[in-house]
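The structure appears below as structure tokens.
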Amino acid sequence: MLPGHLPSEVLGPAVAELGTMFPTAAGFHDGSDPRRERFLGDEFAGIDVFPFEGTEVSLLPVHDLLTDLARTLLGSADIRLYGADAWAKYTGAADYDQDLHRDYLNHTVLVPSSAPEYRQVEMFVFLADVPEDRGPPHLAPRAITAGARATPNWFPAKGSPQQDRFTATGNPEWYEHEKSAAGPAGTVTAFEFGTFHRGTAMTPPRRSAIHTAPELSASRRRMGPARRLGESQPRSRLVPLRGPRHTTPTRTGRLPTTGPPLLDPRNIDGPRPPLSRARHNPVVVKPPLSRWSRP
């Protein structure tokens with residue numbers, strides 16, 4: 001957790017464009033912005049996926065301060081941006097309080113690999129101040145969750161009436177040790193996608209919170225993630241990722257040119273990956289070998 005890692009001069013151009021993407025807090029709560037209906041009743045309705053309507057917001061996930069951090073954490077100079085979200089939340093729009101969970105179900109078609117060359121890192125980047133009462137993410141220390149298998153993936157604080165292979169019984173001790181990522185605008189929280197975390201509730205009236213979530217992976221020698229850059233955006237919206245603040249973004253954003261490698265042998269005898277889930281249901285299509293080609 002890096003409070004204020006991005007200074008105001010870096011955030012400023014992106015924050016200035018947020019009005020093209022989301023209602024202001026006043027516009028949402030006054031009902032004066034017709035876009036407000038989109039955000040009601042579903043905590044995930046406030047998510048836009050890369051590339052974004054705002055060019056500066058699209059450039060933020062590949063800013064040097066973030067890609068350099070990713071290279072340090074992943075231990076690799078060869079990284080890829082495989083996805084990014086911008087998420088706007090408004091008090092009262094939906095219930096943002098989540099169970100502790102991991103994100104690998106919609107970030108990879110396999111269970112998380114322990115091999116260094118297949119590591120992935122997620123980041124939460126606050127575009128506005130996010131104090132404790134404005135829904136900051138909470139994360140469970142890896143020392144507490146070590147040994148957790150691939151399933152179940154959701155661990156409620158209390159017992160859940162709908163038990164299945166993906167949802168565990170109540171696990172209150174993890175919640176007793178979780179750490180808050182609350183912080184000022186520019187705060188960056190980076191974590192490996194096998195880390196248990198959750199969103200929390202927003203309680204102050206007439207408030208909003210907005211953050212971006214860049215997702216980067218190490219090395220091109222890896223299985224492709226279940227998510228794709230621009231998964232729901234037309235190609236005409238893609239922007240050139242270059243400029244004085246972004247010295248290596250074109251390389252960061254390019255598509256891999258190699259086919260999938262072998263599975264990590266350390267995972268072959270481990271827990272089997274979940275193949276479907278109502279919230280995360282990736283479909284993998286394997287064309288004939290003759291159809292594989294380099295771009």
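Position 277 of the sequence shown, counted from 1, bears residue number 277 in my numbering, the numbering being contiguous throughout.
Built from N, CA and C at the ideal position, the CB exists for glycine as well.
Asked: When you compare only the Cα positions, how much space is there between Ser32 and Gly19?; Found: 13 Å
Asked: Could you tell me whether the stretch 118 to 131 touches the stretch 174 to 191, where touching means 3 or more Cβ pairs closer than 8 Å?; Found: yes
Asked: In chain order, what residues of the same chain have a beta carbon less than 6 Å from the beta carbon of Asp133, not counting five sequence neighbours either side?; Found: Thr203 and Pro204
Asked: What's the C-alpha gap between Thr145 and Pro34?; Found: 43 Å
Asked: Determine the DSSP secondary structure at Phe52, reduced to helix, strand or coil.; Found: coil
Asked: Which runs of the beta strand (DSSP E) spanning at least 3 residues fall entirely within the stretch 21 to 53, listed in chain order?; Found: 47 to 49
Asked: Going by DSSP, name the residue or residues bridged to Ser180.; Found: His138
Asked: Out of curiosity, what's the CA-to-CA distance linking Thr151 and Trp87?; Found: 27 Å
Asked: Quick one: residues in its chain with C-beta nearer than 8 Å to the C-beta of Ile268, no 5 flanking neighbours on either side, listed in chain order?; Found: Confidence at Ile268 is low in this model, with a pLDDT of 45, below 50, so its placement is unreliable and the value that follows should be read with caution. Result list for Ile268: empty, nothing under 8 Å.
Asked: Alpha carbon to alpha carbon, how far is Leu74 from Glu37? Give it in angstroms, no decimals.; Found: 39 Å
Asked: Cβ of Tyr90 within 8 Å of Cβ of Ala201?; Found: no
Asked: Once the 5 residues before and after Arg71 are set aside, which same chain residues still bring their CB inside 7 Å of it?; Found: Ala77 and Ile79
Asked: When DSSP builds the beta bridges, which residues end up paired with Ala86?; Found: Asp48 and Thr212
Asked: I'd like the ranges of any alpha helix (DSSP H) spanning at least 4 consecutive residues and lying wholly in the stretch 181 to 207.; Found: none
Asked: If I measure Cβ to Cβ from Ala213 and keep anything under 6 Å in the same chain, skipping five residues before and after, which residues do I get?; Found: Asp85 and Phe124
Asked: Closest by CA to Thr67, which one among Leu81, Glu9 and Thr108?; Found: Leu81
Asked: Residues in its own chain within less than 7 Å of Ala93 by CB, not counting five upstream and five downstream?; Found: Phe39 and Leu40
Asked: To the nearest angstrom, report how far apart Asp103 and Gly186 are at their CA atoms.; Found: 23 Å
Asked: Would you please state the rounded distance, in angstroms, between the beta carbons of Leu209 and Val121? I believe it to be under 8 Å.; Found: Before going further, note that residue 209 is Ala rather than Leu in the sequence given. Not really, about 22 Å apart at Cβ, beyond 8 Å.
Asked: Kindly give me the distance between the Cβ atoms of Phe196 and His101, rounded to whole angstroms, as I take these residues to be in contact under 8 Å.; Found: 7 Å
Asked: Below 8 Å between beta carbons: does that hold for Ala14 and Val57?; Found: yes
Asked: With a Cβ-Cβ cutoff of 8 Å, do Pro156 and Gly170 count as a contact?; Found: yes
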